[in-house]
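Following the numbering used here, the numbering of the sequence shown begins with 251 at its first residue and continues without gaps. Cβ coordinates follow ideal geometry from the N, Cα and C atoms, glycine included.
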Amino acid sequence: MKIVLLGTGHIGHAIARLLHAGGDYDIIAADRDAHALAAIEALGVRTALIDFKDHDALCSLLSGNDACLNALPYHLATMVAKAARMSGVHYFDLTEDVRATRAIAKLAAGADTAFMPQCGLAPGFIGIAAHHLAHDFDAIHELKMRVGALPEFPTNELKYNLTWSVDGLVNEYCHPCEAIRDGKMQDIQPLEGLEHFSLDGVEYEAFNTSGGLGTLCNTLAGKVRNLDYKSVRYPGHRNLVKFLLEELRLRDDQEQLKAILRKSVPATMQDVVLVFVTVSGMRRGQYVQEVFSRKIFARTGADGVHESAIQITTAAGICAALDLFRAGKLPVRGFIRQEQIALPDFLANRYGCVYGGGIFTGSQQRPRDASNYPAKEAALVD
């Protein structure tokens, strides 16, 4: 299968490495940054230097290939998806932007190729896990989805380090959040809905952020009373972000906020990804609750390369989606939602197995038993 990977930054590099090591994909990695491409070439992957805003050049690059994997910033998603549609290639991306996803869904209508956005962590795996957990309930009262990409060793006042796209981080802090409340779909404000919980003896806070639900609001409309998504941080983070956005009015100058974060908040490869889902409702006449939780840490892979937890989880998400599509486990055309992936298929996949404690080792994988999903109990305090 011939793949064009667009974007070779922090996450794009991890995607290229995984797909190349798998041995089943013929990859061309494209970027406007020659330095980033040099690191990809060192893996043995072919590269192309391109200006992504040059529509004709982009279509020319995509034509003749089977699929496009978009690892570019969210604001380029719609443009790339349009080029994919015109070029007749399947489309996968990592966007968390609600407006971009809606635009891509419209593009996918009537297409002969597949369009599958939101293939990362959140949106992405969190929706797959939540849908699986909720599937066995006769009536869903509450479905809570919580995800955090956090420094393992927080030291600053924000208790945060940069582990992924600053563009994406600011976007999720500044835009309305989809939710279902009392059975009705609605938009709620970011940074609101503050709650505290503990997991494995560590205290966390969570609050509304945009985009993490993916398409679950539409999928579960009429089937769930309350559904929401919140980002997890260490206690105190939300109040400081609110101060920056509201009292310093940086919500109105997001480019300045991004510049401040890039200059003042250090990046780290020592991170941890937390995935936490709770579902409560009726099952066989009884009111019950189920919990799904995972913690994934940065680690050194079988090939000796050290990768951060956010690299591992995000790259695994889109690589597993591509693998399952190639294996015929997903629709071949039109818009594909993340929750159309079966969780057992995902965890049994050579890439997706990292969410179950497995280790990717090239064309083979060592997953945990994909039929077992142990859930750690956690205390939620609203």
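For residue 591, the three-state secondary structure derived from DSSP is coil. It is roughly 30 Å from the alpha-carbon of residue 551 to the alpha-carbon of residue 420.
Residue 538 counts as exposed, since fewer than 16 other beta carbons sit within 10 angstroms of its beta carbon. Residue environment analysis places residue 532 among the exposed positions, since fewer than 16 neighbouring C-beta atoms fall within 10 angstroms of its C-beta.
DSSP places residue 315 in no alpha helix (DSSP H); its state is neither H nor E.
No Cβ-Cβ contact shorter than 8 Å links residue 268 with residue 262. Judged by their CB atoms, residue 458 and residue 441 are nearer to each other than the 8 Å cut-off. Here the stretch 340–355 makes no contact with the stretch 277–284; the two share fewer than three CB pairs at distances below 8 Å. For residue 474, the closest C-alpha among the options 449, 496, 503, 434 is that of 434. Taking all protein chains in view, the Cβ of residue 526 is crowded by 16 or more other Cβ atoms within 10 Å, so the residue is classified as buried.
Within the stretch 391–478, the complete beta strand (DSSP E) segments of 3 residues or longer fall at 427–431, 434–438, 445–449, 452–458, listed in chain order. Residue nearest to residue 455 within the set 504, 402, 590, 397 is 397 (criterion: CA-CA distance). Contact between residue 282 and residue 293 does not hold, since the beta-carbon distance rounds to 19 Å and is not under 8 Å.
Residue pairing by DSSP places residue 348 in no beta bridge whatsoever.
A residue is called buried once 16 or more other Cβ atoms fall within 10 Å of its Cβ, and residue 346 is buried on that count. The beta carbon of residue 602 sits closer than 7 Å to those of 566, 570, 596, all from its chain and outside the five residues before and after it, given in chain order.
Contact fails between the stretch 348–365 and the stretch 442–452, because fewer than three Cβ pairs, one in each stretch, are under 8 Å apart. In terms of Cβ geometry, residue 417 and residue 485 do not form a close pair [threshold 8 Å].
Your pair residue 465 and residue 588 checks out as a contact, with CB atoms roughly 7 Å apart and the cut at 8 Å. Per DSSP, reduced to three states, the secondary structure at residue 296 is strand.
Counting along the chain, the unbroken beta strand (DSSP E) around residue 525 starts and ends at 521–533.
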